[in-house]
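Protein chains: 2
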Amino acid sequence: MPNFQNTLDLAFHALSDPTRRAVVSRLVEGELPVTALAEPFDMALPSFTQHLKVLEDCGLIASEKRGRSRWCRLVPQRFDEAADWMMAERERWSARLDRLDAYLNNNQKGEK
Amino acid sequence: MPNFQNTLDLAFHALSDPTRRAVVSRLVEGELPVTALAEPFDMALPSFTQHLKVLEDCGLIASEKRGRSRWCRLVPQRFDEAADWMMAERERWSARLDRLDAYLNNNQKGEK
DNA sequence: ATCTTATTTAGGCAAATACCTAAATGTCTC
DNA sequence: GAGACATTTAGGTATTTGCCTAAATAAGAT
Chain A
37 MPNFQNTLDL
47 AFHALSDPTR
57 RAVVSRLVEG
67 ELPVTALAEP
77 FDMALPSFTQ
87 HLKVLEDCGL
97 IASEKRGRSR
107 WCRLVPQRFD
117 EAADWMMAER
127 ERWSARLDRL
137 DAYLNNNQKG
147 EK
Chain B
37 MPNFQNTLDL
47 AFHALSDPTR
57 RAVVSRLVEG
67 ELPVTALAEP
77 FDMALPSFTQ
87 HLKVLEDCGL
97 IASEKRGRSR
107 WCRLVPQRFD
117 EAADWMMAER
127 ERWSARLDRL
137 DAYLNNNQKG
147 EK
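In the order they appear, the protein sequences are chains A and B. Offset between the first sequence (1-based) and my numbering: plus 36. Offset between the second sequence (1-based) and my numbering: plus 36.
This is the structure in structure tokens:
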């Protein structure tokens, strides 16, 4: 039973689904109402709306009702948090490789 | 029923769990056997091993049996694929903001 | 060979996910 | 206010997840 507490859990979970990533990708270009957003997907509307709920619950998108349509837009903060975590780990990884490299170079010198 | 096909699905799904992210984070510093890796987590070993399986199935880590221990190490490719997707979307987003900005600036000039 | 350590397998359970159809609710437009 | 359009609610199902305990296997140490 996934018990998502923290925002990274929620963000990565949201992004683990291709439909939801496609929605994010689409909203990068600008806001859209639900029906337009749903149009490319071969899925009943209520199913699609569930995906939007996942995205909205975790803060990756926000929406607003205008007349009878709900307009959705991207909220980049949450996205950035996830991206930042990844960048930081990647950075740690390359720092470690650099240290390893330096160490090996030193050893090679020492062996001469 | 999550039917994870593509590698991004699998990678983001794997990273949506705090235990699994912690494992990745830990392995950035170097390889470790399962027991050492499991030690900080308050969880039965079989449960922990399932997390390792998720990470290994999606290619984020690899492991190798040496004697009676299984040593795990990070495999950065898959991680990079996910990071790259995020960076690319972030890039598209900021490109769009730039266009928007340029457009607004032009309009302002025109209005003078 | 036996004991200990490290991991794996088996089996089981509650909750979450991802989909669906059918029906209800708002909100224009005429 | 009647019909059309956009979305939401309700309720249902199969599968997956994340955890567990108990028992089995594998490998090193004595």
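Just so it is clear, CB atoms sit at the ideal spot from N, CA and C, and this is done for glycine as well.
Neighbours of His87(A) in chain B, taken as residues whose beta carbon is under 7 Å from its own, are absent, since the nearest beta carbon is some 12 Å off. In the three-state reduction of the DSSP assignment, Arg114(B) falls in the helix class. Bounds of the alpha helix (DSSP H) holding Glu92(A) are 81 to 93. Identification of residues in the region 44 to 55 of chain A having a C-beta nearer than 9 Å to some C-beta of chain B yields Leu44, Asp45, Leu46, Ala47, Phe48, His49, Ala50, Leu51, Ser52, Asp53, Pro54, given in sequence order. Taking Asn42(B) as reference, the option from Pro54(B), Asp93(B), Pro69(B), Ala98(B) with the minimal CA-CA separation is Asp93(B).
Shortest Cα-Cα distance from Leu46(A) to any of Arg128(A), Ala118(A), Leu140(A), Arg135(A) involves Ala118(A). Arg56(A): member of the alpha helix (DSSP H) spanning 54 to 63, first to last residue. Comparing alpha carbon positions, the residue from Val111(B), Asp78(B), Arg56(B) closest to Leu88(B) is Arg56(B).
Neighbours of Asn141(A) in chain B, taken as residues whose beta carbon is under 9 Å from its own, are absent, since the nearest beta carbon is some 18 Å off.
Chain-ordered listing is empty here: chain B has no CB closer than 7 Å to the CB of Ser83(A), the nearest sitting near 12 Å. The C-beta distance from Arg106(B) to Val70(B) rounds to 5 Å, short enough to fall under 8 Å.
If you check each beta-carbon in the region 107 to 125 of chain B against every beta-carbon of chain A, the ones closer than 8 Å belong to Leu110, Pro112, Phe115, Asp116, Ala118, Ala119, Trp121, Met122, Met123, Glu125. By the rule that beta-carbons nearer than 9 Å mark a contact, Gly95(B) does not touch chain A. Residue environment analysis places Arg114(A) among the buried positions, since at least 16 neighbouring C-beta atoms fall within 10 angstroms of its C-beta. Within 8 Å of the CB of Arg132(A), the CB atoms of chain B belong to Val64, Glu65, Gly66, in sequence order along the chain.
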